[in-house]
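In the working numbering, the protein residues as written are 274 to 606. Quick reminder that beta carbons are idealized off the backbone N, C-alpha and C, glycines included. This report refers to the structure that appears directly beneath it.
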């Protein structure tokens, strides 16, 4: 008798979606400040980032700032200098391009000043794209509004706007924001479920237990659905937060996620074929192995996006980032 895995899948999917929507609401509310002013939030976020990452070399407190640029915290002055910034155009703004290319911080100072993470680059890009607005008028906002630091990074949506938070109501979130902000919640499901599917399938290979076969199928199907939802929400989230796949880590994370989703779909198709014809489950197992490796890799690079390259030092060097860099640097014909 075959396990009734397909009868249980719709209920589990409904529970997964309900949990994800509830989590997305909390994440979005946490990331959307109550000031309702995107420009003010972006200015506070970028100032916090500049203070944390740039002020040691380019602050007003220095007698001889590097590059004769000593006013990095004076956002209005930075925005007014066309040599550094073109409002609304990150791709034409030197202050962003030098950071994105890795020119700043300089290579010989990387031990003390690590390269900016994609999350930090997104903060600068978003601020410039919004027209490089200045800080809110209230002095208390300038002194108390700081970016939320996560492993050395500053999230563009995690900035408190000081006293304004008590005076202005929270703006309702759009469906796009709900979908995008569900990504940090959803990504955990395919990683856990596809790894569990592989583990259960290996146990089935040893024990020939129908229960293990059913558990593997159940986790694989839900893992595929979770991977598809994670890909869709991740694409929206990247657009909302200003992430760009011109950065090697973002490139690997985005396209690796799509590859993992395709592999999980193939695994489910092979499983259905094996169940229908009562044939070998070996092709399903082999694809599941690839899929488990892919979601683990994508999850690791997702952590690098937010927390930086040192969040989990690996004993081996992965080649994917170097390959992505060489691919992105190829001249376009």
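If contacts are defined as beta-carbon pairs under 8 Å, then residue i and residue j qualify, I think. What distance do you get, rounded to the angstrom?
{"i": "residue 393", "j": "residue 348", "result": "No, residue 393 and residue 348 are not in contact; Cβ-Cβ is about 16 Å, not under 8 Å."}
{"i": "residue 351", "j": "residue 345", "result": "7 Å"}
{"i": "residue 504", "j": "residue 530", "result": "5 Å"}
{"i": "residue 406", "j": "residue 316", "result": "5 Å"}
{"i": "residue 542", "j": "residue 495", "result": "The Cβ separation is near 15 Å, so there is no contact."}
{"i": "residue 517", "j": "residue 374", "result": "About 12 Å; that fails the 8 Å criterion."}
{"i": "residue 544", "j": "residue 502", "result": "Their Cβ separation, rounded to whole angstroms, is 19 Å, which puts residue 544 and residue 502 out of contact at 8 Å."}
{"i": "residue 341", "j": "residue 330", "result": "Incorrect: roughly 11 Å between the Cβ atoms, too far for contact."}
{"i": "residue 521", "j": "residue 597", "result": "4 Å"}
{"i": "residue 567", "j": "residue 536", "result": "6 Å"}
{"i": "residue 396", "j": "residue 313", "result": "That pair is no contact at about 14 Å."}
{"i": "residue 343", "j": "residue 402", "result": "That pair is no contact at about 25 Å."}
{"i": "residue 460", "j": "residue 575", "result": "6 Å"}
{"i": "residue 472", "j": "residue 499", "result": "Wrong, their Cβ atoms sit about 16 Å apart, outside the cutoff."}
{"i": "residue 585", "j": "residue 573", "result": "7 Å"}
{"i": "residue 326", "j": "residue 408", "result": "The pair is not a contact, with the Cβ atoms about 17 Å apart (cut-off 8 Å)."}
{"i": "residue 378", "j": "residue 578", "result": "With a Cβ gap of about 19 Å, residue 378 and residue 578 do not count as contacting."}
{"i": "residue 486", "j": "residue 477", "result": "5 Å"}
{"i": "residue 479", "j": "residue 533", "result": "Not confirmed; about 26 Å, so no contact."}
Which two residues bound the contiguous alpha helix (DSSP H) that contains residue i?
{"i": "residue 527", "result": "521 to 550"}
{"i": "residue 477", "result": "461 to 480"}
{"i": "residue 381", "result": "Unbroken run through residue 381: none, as it is neither H nor E."}
{"i": "residue 372", "result": "367 to 373"}
{"i": "residue 311", "result": "311 to 326"}
So, helix, strand or coil for residue i, using DSSP?
{"i": "residue 345", "result": "coil"}
{"i": "residue 387", "result": "coil"}
{"i": "residue 445", "result": "coil"}
{"i": "residue 332", "result": "coil"}
{"i": "residue 575", "result": "helix"}
{"i": "residue 359", "result": "coil"}
{"i": "residue 689", "result": "Since the first residue of the chain shown is 274 and the last is 606, residue 689 is not available in this structure."}
{"i": "residue 405", "result": "coil"}
{"i": "residue 516", "result": "coil"}
{"i": "residue 339", "result": "helix"}
{"i": "residue 506", "result": "helix"}
{"i": "residue 350", "result": "helix"}
{"i": "residue 489", "result": "helix"}
{"i": "residue 553", "result": "coil"}
{"i": "residue 569", "result": "helix"}
{"i": "residue 398", "result": "helix"}
{"i": "residue 563", "result": "helix"}
{"i": "residue 595", "result": "helix"}
{"i": "residue 438", "result": "With a pLDDT of 39 at residue 438, under the threshold of 50, the modelled position of this residue cannot be trusted; read the value that follows with caution. In this structure, residue 438 counts as helix in the three-state DSSP scheme."}
{"i": "residue 423", "result": "Reliability of the predicted coordinates at residue 423 is poor, the pLDDT of 36 falling under 50, and the value obtained from them is presented with this limitation in mind. In the structure shown, residue 423 sits in a strand (DSSP, three-state: E or B)."}
{"i": "residue 501", "result": "helix"}
Does the distance between the C-beta of residue i and the nearest non-hydrogen atom of the ligand MN fall short of 7 Å?
{"i": "residue 402", "result": "Of the ligands one can find in the structure shown there are none, so the ligand MN has no counterpart to examine."}
Output yes if chain D places a C-beta closer than 8 Å to the C-beta of residue i; else output no.
{"i": "residue 352", "result": "Among the chains in the structure shown there is no chain D, since it carries only a single protein chain."}
Pairing CB atoms from the segment 537 to 557 with CB atoms from the segment 511 to 526, are three or more of them under 8 Å?
-> no
Between the segment 447 to 462 and the segment 498 to 512, do three or more beta carbon pairs fall short of 8 Å?
-> yes
Does the segment 355 to 370 come close enough to the segment 553 to 572 to have 3 or more Cβ pairs within less than 8 Å?
-> no
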